[in-house]
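Numbering (full-length UniProt numbering), first residue to last: 1 to 324.
Since the structure comes first, as structure tokens, the remarks are kept for the end.
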């Protein structure tokens with residue numbers, strides 16, 4: 001029997017309590033065929049309880065030895081003085097980070113990016129962190145290309161998320177990357193969070209709450225999701241919302257952080273991935289039902305977004321069920 005993918009969450013003193021709970025909760029909820037897909041372990045730089053920034057301490061399951069055979073290492077946010085103010089790892093944290101296997105995937109949530117940067121793991125890479133602390137990260141580590149305008153950055157073997165709840169978005173993205181949309185969506189349902197966040201990759205959007213129901217594009221977005229297979233135009237969406245095209249585009253972007261065309265394309269890709277995973281349909285039929293038009297168009301967008309063809313995506317993620 002193959003060993004489950006081991007996710008080790010390294011808690012750096014003092015850890016941000018909210019961040020520390022994200023990875024164990026989400027990866028712990030990922031199941032297929034009634035069984036867990038990940039082994040999730042929390043550890044500290046020592047075996048002692050790890051103080052949090054929220055008035056409680058966390059007793060990790062293991063000491064730093066848990067990192068020795070980790071497949072994925074996740075570092076939640078921290079207010080560790082050496083890391084956050086001096087841009088360096090103290091002896092205990094440095095020794096723990098040094099135990100991470102060379103081939104492991106390394107992930108940070110929020111200000112956990114400061115730990116990765118201090119270890120040199122972000123040099124020459126694009127990375128993100130909480131928007132409030134982006135300038136601090138940029139000043140301490142000039143070799144890191146900091147982008148505070150996204151929810152997360154996937155740079156292959158190193159991934160970083162923005163602040164706090166953006167860690168949820170990143171963990172769902174990783175689960176989706178590992179096991180497909182059905183598993184990730186089931187985890188999102190279990191955790192009562194959206195499988196994708198309104199606003200795409202933006203850390204924040206201009207007007208998260210519309211002034212009143214008549215000013216919102218929410219009903220039209222719901223209607224569009226039910227009619228993805230139709231060749232909807234922006235003018236049609238605006239008419240459904242009872243707005244001029246210009247007003248509709250402005251309010252749509254205020255509420256979602258994306259122009260209508262980009263939002264529609266992403267929803268159609270989401271639908272195409274669901275159909276590839278759960279149905280034995282031809283590529284052309286998947287494209288038709290998702291509103292992407294042609295198999296060639298579907299292939300283009302999947303390769304551009306995921307680096308995979310429809311057939312390779314189906315082979316990787318089809319026929320995986322979540323029991324929850």
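Every residue gets a Cβ at the ideal spot worked out from N, C-alpha and C, and that includes glycine.
Open item on the list: Our contact map puts residue 4 next to residue 31 with C-beta atoms below 8 Å; I'd like the distance itself, whole angstroms only.
Closed with: That belief does not hold up - the Cβ atoms of residue 4 and residue 31 are roughly 11 Å apart, past 8 Å.
Task: Own chain residues within Cβ distance below 8 Å of residue 303, not counting five before or after - done: 309
Task: contact_flag[the stretch 94-105, the stretch 62-79] where n(CB pairs < 8 Å) is 3 or more - done: yes
- [ ] Please name the residue in 244, 2, 268 and 316 whose C-alpha comes closest to that of residue 175.
- [x] 316
TODO: Just mark residue 329 as buried or exposed, buried being the case when its beta carbon has 16 or more other beta carbons within 10 Å.
DONE: With the chain covering only 1 through 324, there is no way to say anything about residue 329.
Task: residue 115 versus residue 295: straight-line alpha-carbon distance, rounded - done: 44 Å
- [ ] Find the nearest neighbour of residue 28 within the set 183, 282 and 274, judged by alpha-carbon distance.
- [x] 183
Open item on the list: Distance check for residue 258 and residue 126, CA to CA, integer angstroms please.
Closed with: 22 Å
Task: Between the CA atoms of residue 2 and residue 274 - distance to the nearest angstrom - done: 27 Å
Open item on the list: With the cut-off set at 7 Å, would you say residue 50 and residue 73 are in Cβ contact?
Closed with: no
Task: Residue burial classification, residue 260 (beta-carbon count within 10 angstroms, cutoff 16) - done: buried
- [ ] Evaluate residue 226 with the Cβ neighbour count: other Cβ atoms within 10 Å of its Cβ, from every protein chain shown; 16 or more gives buried, anything less gives exposed.
- [x] exposed
Open item on the list: Comparing C-alpha positions only, which one of 124, 236 and 21 sits nearest to residue 77?
Closed with: 21
Open item on the list: Can you tell me which residues form a DSSP beta bridge with residue 39?
Closed with: 6
TODO: Compute the Euclidean distance between the alpha carbons of residue 188 and residue 26, then round it to the nearest angstrom.
DONE: 8 Å
- [ ] Going by CA-CA distance only, name the one from 155, 154, 86 and 230 that's closest to residue 139.
- [x] 86
Open item on the list: In the DSSP output, which residue or residues are listed as bridge partners for residue 142?
Closed with: None, per the DSSP bridge assignment.
- [ ] Have a look at residue 255 and residue 244 and give me their C-alpha separation to the nearest angstrom.
- [x] 16 Å
TODO: Report the rounded CA-to-CA distance for residue 10 versus residue 19, giving the unit in angstroms.
DONE: 11 Å
Task: residue 50 - partner residues in DSSP beta bridges - done: 58
Open item on the list: Rounded to whole angstroms, what is the Cα-Cα separation between residue 15 and residue 131?
Closed with: 18 Å
- [ ] Would you decide whether residue 185 is buried or exposed? Buried here means 16 or more other CB atoms lie within 10 Å of its CB.
- [x] buried
TODO: Classify residue 31 as helix, strand or coil using the three-state DSSP reduction.
DONE: strand
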